[in-house]
Structures are given as structure tokens and as C-alpha cells.
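Only one structure is covered here, and it is reproduced in the block below.
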Ligand code: MG
């Protein structure tokens, strides 16, 4: 069932440490399962996506966002004849390197690191988690994932320059990632855009009128729902419209990606890798819709003053805790104190903070800074 341009598990470049084959799970299925059983994966449940628990227990957190990305990715991958097992593993692992407090947490952690001459990048952190921090096996550190999953962790959303990141040389930085990895960047954005419209509306930060006015196609879908179910409450018609919006993005991504693959005459993974551009993406019209939707969400939701308390929290808590441990490294857990012998203190503190849940970092703040 796999297309010629799909990654074949038998052609995987393999794991760092050789392991015997499993009797009935292939290597990408095993990687997917290793991600699901990782501690860092479980912690996603207690990390903010956009809304903290202050709003509602119904809203997305990093884990439920991740599951939505996996669902959308599987659907699209199957339609394109891509390797669904690899796609699922990549989707489930794609946000595993995110710190507490959502995007605000990432921005603050990076800013604090820059003050000390370093930086924070969630994709690079995700690689450190699966390569080193997860301790599940007696024979090696990390999850010993296949090359293709590690490569996808690094390369799904953007290209890293080989000059700036010599440590990533093995990941073929001058080449495009396979389509399975390219897909994740789009499904991530589809998933969070639809989810954020949903949660933003439920949180009363977005109004029906503003969504109808600014999100392309939404008004048409809402009108159709009104015609079909005039008696239904507004939220249900909103849901119906949102469902059609999601479907329209997914359908266009499938059709346009198929078209681009056909137009370029690409038949093999090597050709995908060597092609100068990424081949997944929306058609011209849907791409405009995507941008307009994203802009709307930025202006009306992500930059909404109602979410300021969360951002201030992130800044205060991450900023103060980081500096506290810089001054008092002996207050770090002993496993982290040991790491200071091998790595600069700011990196060790950054790794520690990035792994925390919203809940745990609050606790640490109460303990050391309040
Ligand atoms: Mg994501």
C-alpha cells in the first residue's frame, strides 16, 4: 500500500544500538510505542498548550494537542500512501521538547538562556530527551529510536544550518526530510488552529462574529449549518462549521501535496530528500486562508490581554528559578548537579526546567522563590 516515495521500514538507517527484531512489531511501530511509554510523553498532559487550567479542564493541553496531530497526520498519510507508522511516531514525539507554560515558556527560557550566552530550542531539546534523558533500558541511555524518527524530530518544522549545528551533521542537513516528516509541520498547524478557534470561542475570547468575519470560509460553513439545523444552539453550529473548516484544510493538503509530487515526477525517498523544496503544503488559495486564520488567531487570541497573566507567570517563575539555581547550584537535584561536570550550568538548569510540568515548576517556585 505504500507509495514509491514513502519511507520503507526495511530501508531504515537503523538504531544507534543494534537490537533484535520484534516478532510482530516493525521498527517504526516500536518507536511509536517507545514514545507513548516515555515519561516525557506523560508529562505533556500537565503542560499548557495555549490555555492554562485556570480556564477549563476541557481545553487542549500539550498531550491532547499531540493526539489530535497524530489523528490528522494518520488520515493524511494514509491518503498519500506514506508510512503511517513513521508519521504516527513523529506526530506523537513532535512536542515532547516543550517546556512548561506553552509558547510563553519557550520564549522566556530562550531569552534567559541568551542572557547567559546560550539558547533554547524545543526540537533540539526533544532530541536530547529521546537520546539521553529517558532512562528505560539497561543497555543504553535514551530510547534508541531509528534514524528516521530522530531526523524527523530535528527537521520536521525547519532546516538547521550545518555550519551553525555541526553536532547535527549526521541528519543530512543539506537535504529535505522525507514526506512523513514534512507533513507534521502542516498537521501541527491545522490541529492547533482548529483547536484554538474552538477553545478561544468557548473561553469567550473569540466571538462568533469575529470568527465569521476574519476566518476564510468559516461564515459559509456556519450559514450552511444554520440552514441545516436552524433550531440548534450556536455552539453546535459553530462545531459543525469548524468541522468543515478542518476538513477543507485536510482535503486541500492531501490534494495539493499529491499534485506537487506528480508535477515534480518524484518517485523515491532519495528524490524527495534531494529536491530543493519541501513538497507538502496547501494550494495557493488555501495557503492564503491558512495565513489569514493564523493572523486572526495571533491578533485576537495569542496576543489577547486576557492571556497576559499566564505570560507574566512564565516570565517571573522561569526567570527567577533559573537565576536562583545559577546562584545556588547545590539546590539542584543531585542527578543534575552531577551533570554540571560535563555541561555548562545554564544548560543543565535549562534541561531541568524544560522537562517540568506547569504544576511542578509552580511547586519549585513556591519552595525556592516565594
Ligand atoms: Mg505542536
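In our numbering, the protein residues as written are -4 to 365. Yeah, the Cβ is synthetic: ideal placement off N, Cα and C, and Gly gets one too. Keep in mind the model is a prediction, meaning the values are calculated, not measured.
When distances are taken from the beta-carbon of residue 183 to the heavy atoms of ligand 1, the shortest one is below 6 Å. Ranked by Cα distance from residue 22, the first of 54, 79 and 53 is 79. Taking C-beta separations shorter than 7 Å and ignoring five residues to either side along the sequence, the partners of residue 256 in its chain run 0 and 274, following chain order.
Residue ranges of uninterrupted alpha helix (DSSP H) with 4 or more members, entirely inside the region 187 to 232 and ordered along the chain, are 203 to 209 and 213 to 223. For residue 337, no alpha helix (DSSP H) run applies, since DSSP gives it neither H nor E. In the displayed model, residue 56 falls within a strand according to three-state DSSP. Selection 127, 199 and 207 evaluated against residue 302 yields 199 as nearest (Cα-Cα).
When beta bridges are read from the DSSP output, residue 352 appears opposite no residue. Residue 242 counts as exposed, since fewer than 16 other beta carbons sit within 10 angstroms of its beta carbon.
With a threshold of 16 other beta carbon atoms within 10 Å, residue 271 falls short and is exposed.
Taking all protein chains shown into account, residue 182 has 16 or more neighbouring C-beta atoms within 10 Å of its C-beta and is therefore buried. Per DSSP, reduced to three states, the secondary structure at residue 43 is strand. DSSP places residue 157 in the coil class of the three-state scheme, outside both helix and strand.
Using a 10 angstroms sphere on the CB of residue 120, the tally of other CB atoms reaches 16 or more, which defines it as buried.
Note on residue 112: under 16 other CB atoms within 10 angstroms of its CB, so exposed under the neighbour-count rule. For residue 4, the CB contacts under 6 Å within the same chain, skipping 5 residues up- and downstream, are 21, 22 and 23 in chain order. If you look at residue 304, you'll find it in the alpha helix (DSSP H) that goes 303 to 322.
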